[in-house]
Structure formats: C-alpha cells, structure tokens
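To convert, take the position in the sequence shown, counting from 1, and add 1; that gives the numbering used here.
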Amino acid sequence: MDQLIIEGGTPLYGTVAISGAKNAALPLIAATLLAPGLHTLHNVPDLRDTRTMLKLLEILGARWERQGKTVRINSDRLTGAEAPYDLVKTMRASVLVLGPLLARSGFARVSLPGGCAIGARPINFHLKGFEKLGVATRLEQGYVEAAVEGRMGGGTVYFDIPSVTGTENVLMASAMAQGETVIKNAAKEPEVGNLVDMLVAMGAEIEGKGTDRLVVHGVDRLHAAESTIIPDRIETGTYMIAAAAAGGRITLTDCTPAHLPALTEKLLFCGAAIETTDDSLTVSCPEIDGRNICHPCSVDITTLPYPGFPTDLQAQFMALMVLGNGTSIIHETIFENRFMHVAELKRMGANITIEGSRAVVRGIGRDKLSGAPVMATDLRASASLVIAGLAASGATTVSRIYHLERGYENMVEKMQALGAKVKKVRE
Ligand code: EPU
2 MDQLIIEGGT
12 PLYGTVAISG
22 AKNAALPLIA
32 ATLLAPGLHT
42 LHNVPDLRDT
52 RTMLKLLEIL
62 GARWERQGKT
72 VRINSDRLTG
82 AEAPYDLVKT
92 MRASVLVLGP
102 LLARSGFARV
112 SLPGGCAIGA
122 RPINFHLKGF
132 EKLGVATRLE
142 QGYVEAAVEG
152 RMGGGTVYFD
162 IPSVTGTENV
172 LMASAMAQGE
182 TVIKNAAKEP
192 EVGNLVDMLV
202 AMGAEIEGKG
212 TDRLVVHGVD
222 RLHAAESTII
232 PDRIETGTYM
242 IAAAAAGGRI
252 TLTDCTPAHL
262 PALTEKLLFC
272 GAAIETTDDS
282 LTVSCPEIDG
292 RNICHPCSVD
302 ITTLPYPGFP
312 TDLQAQFMAL
322 MVLGNGTSII
332 HETIFENRFM
342 HVAELKRMGA
352 NITIEGSRAV
362 VRGIGRDKLS
372 GAPVMATDLR
382 ASASLVIAGL
392 AASGATTVSR
402 IYHLERGYEN
412 MVEKMQALGA
422 KVKKVRE
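Structure representation (structure tokens):
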C-alpha cells in the first residue's frame, strides 16, 4: 500500500489547475445510459471513482474511451441491468445507475450499499422517489430490484432532506416519464445543476435549475449529447484551506469561485485574503517578516446543504481550526459519523473534544502541531490529514492513501507544484 510522507512547515506558492468535479462526473457518466448513441463528456477527472463508474458502465454493456480529459461513451447496446456488490461496496455512487436503467429498460438490480466510514447513508429517499413514479421496488438477497411496466408516470417527489444523489436519480428516472414530475426540497448543489444541463442537452425539459423545486416534463426520447463537467469545488476548497494552513500565496485556475460562498466567507474571517475572477482565485496569507503566514482566527462552522458550508470540506477546515487562536465549534449536520479524522489529528497534538454532532476545537496556535504517523479513514478525512501535515513541524506519514486517490486527481504532483515537500512511497 502507498503512503504519503509530508515534511511540514513549507508555505505554498504557485499555480495549479483544478480538475473536473468527481461528484458531477459520476452522475453525468451514469446519465449516458439514458439514451443510445455516442456521448461526449469533457473535463472528466481520472480518479479511482470515475474509473469504477466507467467499469460499471462496461458491465452494463456500454463502451468507452478516454482521450485526455474527454471520455466518449457509446451506450447503443445495453446487455446488463445489474450493479454487483463488488463494485457498489467500493463506491456507493454506483446507485446512480438505478434511475437511468429504469428509464431506459424498466428494470434495474443494484446491490444495496452498506454503511460507510462517514455514516449509515441509506437510499430510502431514492426508492421512495421511484415508487412515486410507479416503480415497484423490493430487496432480494442484498440487492434492490426495481421494475416498472411500460413507461414511468410523473408524480410529486418530496425529499425529507435534500439528497444530492437522490435528486439526481429521480431527475434521470423522470426525464422520459409520461407526464410531469415535481421534485420538492431538491438538492441545489452545483453538481445537480450540471446534470440538469446535460439532460437538457439530451432533449429533456426541466425547469427550476439551482432551486429546491425542479419540474421535469417527461419527453418520449432522449439523444446522445456533448457535456462538460464543472470544476471540482471541493478540490478547490481543499487547496484554499491548505494555503491558509501552510501559509503562502497560491492561484487556482479552471475553477468556479462562485461555488464556494461559505468557505470564502470563513477563510476571510480567518485572516486569508482571496481575490477572484470568474474562473480563478488567489488565496494569500498576510506577510509577516517576509513570509506569508496566517495565524487563523477561530471561527464556528455548521455543515449544511448548498449553499451552506459543505460537509465535504468539514474535515479539512477542522485541520485549519486546530491552528486557531481560540475555540471553534464545528457542527456536522449532514453525516452522523464524520469525525474519524479527529483521533488522527489528536495524534499530531490537536485539542479536540467531540460532543455528539459537534467538535470543539481549541486552537493550539500554529507552532505546536507536530508531524506523526496517521491513518486515512475516508476521502475527505485523508485530505484533512494532508493539510495538517503541511502545517505541522516535522514529518507526517499518511497511510491508506487509496482513499485520497478516489477523489483528488494528481494531488501529490499538484502539491509538489506548489512547493510542498510531499512524496508517495510504498509502505
Ligand atoms: N439520506 C437518507 N436517505 C437517502 C439519502 C440520503 O437518509 O435515501 C441522508 C444521508 O444519510 C445524509 C443526508 O441525507 O444524512 C444527505 O445525503 P445525500 O443523499 O445528499 O448524500 P449523497 O448523495 O449520498 C453526495 C456526495 C457526498 C456528499 C453528500 C452531501 C456524491 C457522489 N456524493 O452524497 O460526497 O458528502 O452528497 O453533500 O455526490 C465525497 O465526495 O467525499 C462525498 C461523500
């Protein structure tokens, strides 16, 4: 297994380009199952998760090829309708094939994902949504079987909590339903908007993009189209926090600063300066004795659906708050077990207490964090440990970095380009 060795204490300087968003690429790849033909997706990040999704499409009968950042998918002939346990257990987002398979062929069999490192994460909202469209679902030997006679009907789907992949699954299922589907309390994440744009390019009729009420007027058929994956706002945010924690001045290109309203606000409060254009941003720490160093002011955050503070940046922001000048309360409201990084950060000297869904982070100032061997437990927790390692004094070894490779394209190379002393070695 590979490990990362990080020699901390070096501020970051330079420019890196942000990749396409993992959480937009996954539903857009799944959406190519909706219509036969040759689909073209641009700006597709080459990640463990996107490779898993493409492998799943192959199992279902689609063919694909990658040329640089462009992936062409031919879904003319589908030969299967099952997402096997082996794939779903490595990537829960495999459930995104349910909606398109139901719409295209009226049947899908997908392994029910189990719990994961960050919470139970059921898919009951997805299934309830399909049922509103006339789909019958049942659980059979660990698999969800969903079937509909003929075309799905329209209906009204209300989400108790605005589920991102739930909204995406119902959008894809309803695009070719007979009649109108209204999704209430829909997720407003930019990745959902990216999927709406792709479905519209394929011939779907959808109103309400970016709002919590989506109206889908079912059409008879969809066609293959060309789409572009939006920039990864979580990757962008991770590098922004890394710069605030390690110090320095970095520019991120090919990103969408407007997709990070909550993080931007919090980083400004912490003392970082942020300059933006439509598709780039520069984060810089105040200059002290010729070095750009941030002594972050502690600030509270509460994770919320978009445009609130993203749960996918909570762990990374906590690493920054460990360096703070006071106490920060970090309230995680989306997932019930997303504090796995806390025990690892404490090994580096962090002072954190967990009280239910809140973590109380007492800042230790920037000079007291020390490198240590730590273990990655999930994707974003791993990124948090990398950030802590960059800010700490001495060496940090992060093991189990396969988690990182699920969602960060070329992180080691990008960090090295910013001057970080990071290298990947075999354990
Ligand atoms: N929920 C249910 N039932 C459902 C669906 C969701 O109870 O049927 C609950 C979840 O347990 C959670 C809340 O609703 O408490 C919101 O979960 P959501 O469904 O929005 O999460 P998701 O769609 O499974 C996506 C991202 C996650 C990200 C969350 C929240 C993808 C592929 N994944 O997951 O990304 O954390 O939205 O923003 O889009 C990551 O990239 O590291 C990651 C975990």
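Positions of the beta carbon are idealized from the N, C-alpha and C atoms, including for glycine.
Remember, predicted model here, so these are calculated numbers, not experimental data.
Contact the region 398-409 vs the region 3-13: 3+ CB pairs below 8 Å: A contact is defined here as three or more CB-CB pairs under 8 Å, and the region 398-409 meets this definition with respect to the region 3-13.
Cutoff 7 Å; reference Phe270; Cβ partners in own chain excluding five residues on either side: Sequence index remark: in the sequence shown, residue 270 carries index 269 (1-based). Contacts found: Cys298 and Val300.
Heavy atom of the ligand FMN within 7 Å of Ile231 beta-carbon: Among the ligands modelled here, namely the ligand EPU, the ligand FMN does not occur.
Beta-carbon gap between Thr378 and Ser358 smaller than 8 Å: Along the sequence shown, one-based indexing puts residue 378 at 377. Along the sequence shown, one-based indexing puts residue 358 at 357. Their beta carbons are not under 8 Å apart, which means Thr378 does not touch Ser358 by this criterion.
Cβ-Cβ distance between Gln315 and Ile330 below 8 Å: For the purposes of this step, residue 315 is identified with residue 314 of the sequence shown, where counting begins at 1. For the purposes of this step, residue 330 is identified with residue 329 of the sequence shown, where counting begins at 1. No, the pair does not count as a contact, with Cβ atoms beyond the cut-off.
Simplified DSSP state of Arg381, which is helix, strand or coil: Translated into the one-based positions of the sequence shown, residue 381 becomes position 380. Here Arg381 sits in helix by DSSP.
Residues that Thr304 bridges to, as DSSP identifies them: Taking the first residue of the sequence shown as 1, we reach residue 304 at position 303. Beta-bridge annotation (DSSP): Thr304 is paired with Phe310.
Phe108, DSSP secondary structure in three states: Taking the first residue of the sequence shown as position 1, residue 108 is located at position 107. Phe108 falls in the strand class under three-state DSSP.
For His416, the first and last residue of its enclosing alpha helix (DSSP H): Mapped onto the sequence shown, residue 416 falls at position 415. The question names His, yet the displayed sequence has Met at residue 416. Going by DSSP, Met416 is part of the alpha helix (DSSP H) stretching over Met412 to Ala418.
Residue-level contact to chain B via CB, Val423, 8 Å cutoff: Structure shown: chain B not included; a single protein chain is present.
DSSP bridge partner residues for Ser281 (one or two, in chain order): Here residue 281 is taken as the residue at index 280 of the sequence shown, counted from 1. The partner list for Ser281 (beta bridge, DSSP) reads Thr254.
Counterpart residues of Ser371 in DSSP-defined beta bridges: Here residue 371 is taken as the residue at index 370 of the sequence shown, counted from 1. Ser371 pairs with Ser394.
Local conformation of Arg67 per DSSP, three classes: Along the sequence shown, one-based indexing puts residue 67 at 66. In this structure, Arg67 counts as strand in the three-state DSSP scheme.
Contiguous beta strand (DSSP E) assignments of at least 3 residues, all confined to the region 115-145: If we require 3 residues or more, the beta strand (DSSP E) runs fully inside the region 115-145 come out as 137-141.
Length of the line joining the Cα atoms of Arg348 and Lys425: Along the sequence shown, read from residue 1 onward, the residue named residue 348 stands at position 347. Along the sequence shown, read from residue 1 onward, the residue named residue 425 stands at position 424. Cα to Cα, the separation comes out at about 21 Å.
Extent of the continuous beta strand (DSSP E) to which Thr212 belongs: As a position in the sequence shown, residue 212 is number 211, starting the count at 1. Following the DSSP letters along the chain, one finds Thr212 in no beta strand (DSSP E), marked with neither H nor E.
contact_flag[the region 61-79, the region 240-254] where n(CB pairs < 8 Å) is 3 or more: Touching, no.
Beta-carbon gap between Val171 and Gly100 smaller than 8 Å: Taking the sequence shown and counting its residues from 1, the one referred to as residue 171 is at position 170. Taking the sequence shown and counting its residues from 1, the one referred to as residue 100 is at position 99. Gly100 sits close to Val171, with the two beta carbons spaced by under 8 Å.
Range covered by the alpha helix (DSSP H) that runs through Ala320: Numbered from 1 along the sequence shown, position 319 holds the residue referred to as residue 320. It spans Gln315 to Met322 - the alpha helix (DSSP H) in which Ala320 sits, taken as one unbroken run.
Start and end residues, beta strand (DSSP E) containing Thr16: As a working note, residue 16 is residue 15 in the sequence shown. Counting along the chain, the beta strand (DSSP E) containing Thr16 begins and ends at Leu13 to Ala18.
Leu42 beta carbon near the ligand EPU (any heavy atom closer than 7 Å): For the purposes of this step, residue 42 is taken as the residue at position 41 of the sequence shown. No, the ligand EPU has no heavy atom inside 7 Å of this Cβ.
Touching by the beta-carbon criterion (3+ pairs, under 8 Å), the region 18-36 and the region 186-197: As far as the Cβ criterion goes, the region 18-36 touches the region 186-197, which means the pair count is three or higher.
Whether Asp507 touches Thr257 by CB criterion (8 Å): The structure shown does not extend to residue 507, since the chain is modelled only from 2 through 428, so no value can be given for it.
Secondary structure of Lys90, DSSP reduced to three states: Stepping through the sequence shown from its first residue, residue 90 is reached at position 89. Looking at Lys90 - three-state DSSP - the assignment turns out to be coil, as it is neither helix nor strand.
Residues that Asn352 bridges to, as DSSP identifies them: Sequence index remark: in the sequence shown, residue 352 carries index 351 (1-based). Answer is Arg363, bridged to Asn352.
Span of the alpha helix (DSSP H), counted from its first residue to its last, around Ile235: Residue mapping note: residue 235 aligns to position 234 of the sequence shown, counting from 1. It spans Arg234 to Ala247 - the alpha helix (DSSP H) in which Ile235 sits, taken as one unbroken run.
Cβ neighbours of Cys286 in the same chain (closer than 8 Å, five flanking residues each side left out): Within the sequence shown, numbered from 1, the residue matching residue 286 stands at position 285. The residues are Pro12, Ala244, Ala245, Gly248, Gly249, Arg250, Gly272, Ala273, Ala274, Asn293, Ile294 and Cys295.
Per-residue burial, Ala137 [other beta carbons within 10 Å of its own, 16 or more giving buried]: Your numbering for residue 137 matches position 136 in the sequence shown. A residue is called buried when at least 16 other Cβ atoms come within 10 angstroms of its Cβ; Ala137 does not meet this threshold and is exposed.
Exposure label - Asp77; buried when at least 16 CB within 10 Å: Here residue 77 refers to the residue found at position 76 of the sequence shown. With fewer than 16 other beta carbons inside 10 angstroms of its own, Asp77 counts as exposed.
Exposure of Gly143, with buried meaning 16 or more beta-carbon neighbours within 10 Å: Numbered from 1 along the sequence shown, position 142 holds the residue referred to as residue 143. Gly143 is exposed by the Cβ-count criterion.
Buried versus exposed call for Gly366 [16 or more other C-beta atoms within 10 Å across all chains shown]: Locating residue 366 in the sequence shown gives position 365, counting from the first residue. The residue is exposed, with fewer than 16 neighbouring Cβ atoms inside 10 Å.
Lys23: CB within 7 Å of a non-hydrogen atom of the ligand EPU: Stepping through the sequence shown from its first residue, residue 23 is reached at position 22. Residue side-chain check: Lys23 places its Cβ nearer than 7 Å to a non-hydrogen atom of the ligand EPU.
Residues near Gly130 by beta carbon distance below 8 Å, same chain, minus five either side: If you number the sequence shown from 1, residue 130 lands on position 129. Here the set comprises Val158, Phe160, Gly167, Asn170, Val171, Ala174 and Ile184.
Beta strand (DSSP E) segment containing Glu8, residue limits: One-based indexing of the sequence shown puts residue 8 at position 7. Where Glu8 is concerned, the enclosing beta strand (DSSP E) stretches over Asp3 to Glu8.
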